[in-house]
Amino acid sequence: MSTSTDHGRPDPEATSPAANSDGRPVSDRGDTVCVIGAGASGLTAIKNLREHGFGVDCYERETGVGGAWNWRHDRSPVYASTHLISSKPFTQFPDFPMPDSWPDYPHHSQLLSYFERYADHFDLRSHIWFGTEVIRVEPVEGDRWDVTTRSTGGYGPERTARYAAVVIANGHNWSPKLPRYEGLEQFRGEIMHASSYKDPAQLRGKRVLVVGAGNTGCDIAVEAAQQASRCWHSTRRGYWYAPKYVLGRPADQVNDSLLALRVPLRVRQWLYHWTLRLTVGDLTRFGLPKPDHRVYETHPIANSQLVYYVGHGGIGPVPDVARFHPYAVELADGREIDPEVVVFATGYLPRFEFLDASVFGDSAGAGRPTLWLNAFTPGHPTLAVAGLLQPDSGLFTLSHWQTVLFARLLQARRDRPERATAFAQRVRDRAGERYSGPVKDSSRHWFEVGHADYLRAIQRALVELEGK
Numbered sequence: 001m002s003t004s005t006d007h008g009r010p011d012p013e014a015t016s017p018a019a020n021s022d023g024r025p026v027s028d029r030g031d032t033v034c035v036i037g038a039g040a041s042g043l044t045a046i047k048n049l050r051e052h053g054f055g056v057d058c059y060e061r062e063t064g065v066g067g068a069w070n071w072r073h074d075r076s077p078v079y080a081s082t083h084l085i086s087s088k089p090f091t092q093f094p095d096f097p098m099p100d101s102w103p104d105y106p107h108h109s110q111l112l113s114y115f116e117r118y119a120d121h122f123d124l125r126s127h128i129w130f131g132t133e134v135i136r137v138e139p140v141e142g143d144r145w146d147v148t149t150r151s152t153g154g155y156g157p158e159r160t161a162r163y164a165a166v167v168i169a170n171g172h173n174w175s176p177k178l179p180r181y182e183g184l185e186q187f188r189g190e191i192m193h194a195s196s197y198k199d200p201a202q203l204r205g206k207r208v209l210v211v212g213a214g215n216t217g218c219d220i221a222v223e224a225a226q227q228a229s230r231c232w233h234s235t236r237r238g239y240w241y242a243p244k245y246v247l248g249r250p251a252d253q254v255n256d257s258l259l260a261l262r263v264p265l266r267v268r269q270w271l272y273h274w275t276l277r278l279t280v281g282d283l284t285r286f287g288l289p290k291p292d293h294r295v296y297e298t299h300p301i302a303n304s305q306l307v308y309y310v311g312h313g314g315i316g317p318v319p320d321v322a323r324f325h326p327y328a329v330e331l332a333d334g335r336e337i338d339p340e341v342v343v344f345a346t347g348y349l350p351r352f353e354f355l356d357a358s359v360f361g362d363s364a365g366a367g368r369p370t371l372w373l374n375a376f377t378p379g380h381p382t383l384a385v386a387g388l389l390q391p392d393s394g395l396f397t398l399s400h401w402q403t404v405l406f407a408r409l410l411q412a413r414r415d416r417p418e419r420a421t422a423f424a425q426r427v428r429d430r431a432g433e434r435y436s437g438p439v440k441d442s443s444r445h446w447f448e449v450g451h452a453d454y455l456r457a458i459q460r461a462l463v464e465l466e467g468k
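Structure (structure tokens):
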């Protein structure tokens, strides 16, 4: 029988002793499940596993919940003006609605308070070890896992505990993806990745080049238009810039209505193009490049202000960067500009530093796991990833149902092993399936999913697992 700490959490060291293959002492946690990370996906994993009867130990390297949405965390990409780009109904957890009084697109501070209230409402903090980072996760015999932890920052001894299963919820928007350009090392201006951008005061009165046309890049370009002495916005290709509101409603709600009616992709693309022609018009007349793809073939960019500031001259669209010089940046069309600050809004790459890449079928170590439903890996039925998704709407609902499915899989392994075996075969057969239409081949779209198609796939998996 395990003991508890003063905070009500089970103590991983006060359990049955064991040892791993190297002879290091291991605390056997029995049927307890380990969750890595206490952001949105980690919190819903704790909640759903507990509701299905499992003990949970969650390790969080920071001192509070919220993950990427907690701006106090070192790895948080949140900046002062960050708001949701998916509207409230398509972002919230299905069993914990956001307040009716909140706006359609809440501010990041509201999101953090939402997670804190979620954790308190479901009594999740008692299962979280804050200030503790996971440094190693190793499979052991019997589909179990040895998880080695230490205090964040490398202080104190390493401790290893053995778990029945592991949910990885460490997020995928914290490790910057930095481009390589000739001459970049010799550039004398200031260079930063968007992960280091926190406040428009960093740009005030300066000549700024923003590289990258994702949602973050567009937000920073808009803020530079308001604060910098000059702003250039460099993009590799043309994009479709969607307004946040269409017909007086959040754009994702209008799109979801079409998805609910099973409107074919080509028809939805035609309607989108028609709407943009009426509201935005031909963007090439502003100097923006013509998109080389159809709508929905790249991750949606929801920004109602970019075109406004381009049209007012606050943002100067420029092509891709060719190379850097000590005091200038040469563009692909041969022009040179002289920014003082360059902001690379070039995205992030997923990193699982604590896990051998081969466990995910990522033999090259590129960071792109081979998974079914972006959650389950062939050959390891007691390992799941939560939140490794780039949806066309909000993430939290999808993470909720991912972790419900994993909890029921663990129940099936105990009570209905034949169904768990059949599920494992489906994971092997379907790993790598996509849940979106055709998208551009880039790391930005590795985890792209259409939320409606993805939720239907989760529902089918639940039905198959439960034999209904």
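Under the UniProt record's numbering, the final residue of the sequence shown carries the number 468; numbering is consecutive throughout. Idealized CB from N, CA, C, for every residue including glycine. This one's a predicted model, so the numbers in the text were calculated from it and none came from an experiment.
- Closest in alpha carbon position to VAL404, among LEU43, ARG351, GLU141, VAL280, is LEU43.
- For GLY316, the uninterrupted beta strand (DSSP E) segment begins and ends at 316-318.
- Residue burial annotation: VAL463 is exposed, with fewer than 16 other C-beta atoms found within 10 angstroms of its C-beta.
- Contact check for VAL210 against ALA345 passes: the beta carbons are separated by less than 8 Å.
- Inter-residue distance for ASP100 and TRP274 is about 32 Å (C-alpha atoms, whole angstroms).
- When secondary structure is reduced to three states using DSSP, TRP240 falls in the coil class, being assigned neither helix nor strand.
- The continuous beta strand (DSSP E) containing SER234 extends over residues 230-234.
- Scanning the region 320-365 from its first residue to its last, the whole beta strand (DSSP E) runs of 3-plus residues come out as 321-325, 328-331, 341-344.
- DSSP places LEU383 in the uninterrupted beta strand (DSSP E) bounded by 383-385.
- The region 130-150 makes no contact with the region 90-107; the number of CB pairs closer than 8 Å stays below 3.
- Taken through DSSP and simplified to helix, strand or coil, ASP95 comes out as coil.
- Boundaries of the alpha helix (DSSP H) around ARG408: 396-415.
- Exposed is the label assigned to HIS312, since fewer than 16 other Cβ atoms lie within 10 Å of its Cβ.
- Between PHE115 and GLY66, the CB-CB gap stays under 8 Å.
- Counting only the Cα atoms, ARG188 lies some 37 Å from LEU388.
- Residue ranges of uninterrupted beta strand (DSSP E) with 3 or more members, entirely inside the region 30-71 and ordered along the chain, are 33-36, 56-60.
- Between PRO339 and ARG207 a beta carbon distance of about 5 Å is seen, short of the 8 Å cut, so the two are scored as contacting.
- As the crow flies, the alpha-carbon of LEU410 is around 25 Å from that of ASP120.
- Judged by DSSP in its simplified three-state form, VAL254 adopts helix.
- Listed in chain order, the beta strand (DSSP E) runs fully inside the region 115-191 are 128-130, 132-140, 144-151, 159-163, 165-168, counting runs of at least 3 residues.
- Between VAL166 and the set VAL359, GLU433, LEU395, LEU203, the nearest pair of CA atoms involves VAL359.
- Judged by DSSP in its simplified three-state form, SER113 adopts helix.
- Here DSSP, grouped into helix, strand and coil, assigns PHE447 to coil.
- Judged by their CB atoms, LEU203 and GLU190 are not nearer to each other than the 8 Å cut-off.
- By the C-beta criterion, the region 77-85 is judged not to be in contact with the region 45-63, since fewer than 3 inter-stretch pairs fall below 8 Å.
- With 16 or more other CB atoms across the displayed protein chains lying within 10 angstroms of its CB, GLN402 is buried.
- Taking the C-beta atoms as reference points, LEU398 is found nearer than 8 Å to HIS451.
- Under the 10 Å beta carbon count, GLN226 is surrounded by fewer than 16 other beta carbons and is classified as exposed.
- Under the DSSP assignment, VAL222 falls in the alpha helix (DSSP H) whose first and last residues are 215-227.
- Between the alpha carbons of GLY53 and ALA40 lies a distance of about 20 Å.
- Straight-line spacing of the CA atoms in ALA161 and ALA431 works out to 29 Å.
- By the neighbour-count criterion, in which 16 or more other beta carbons inside 10 Å mark a residue as buried, TYR155 falls on the exposed side.
- In the three-state scheme derived from DSSP, where H, G and I count as helix and E and B as strand, VAL211 is classed as strand.
- The beta carbons of ILE220 and VAL343 sit closer together than 8 Å.
- For VAL307, the enclosing alpha helix (DSSP H) begins and ends at 306-311.
- Distances from the alpha-carbon of ARG413 to those of GLU433, LEU283, PRO381, VAL385 put PRO381 closest.
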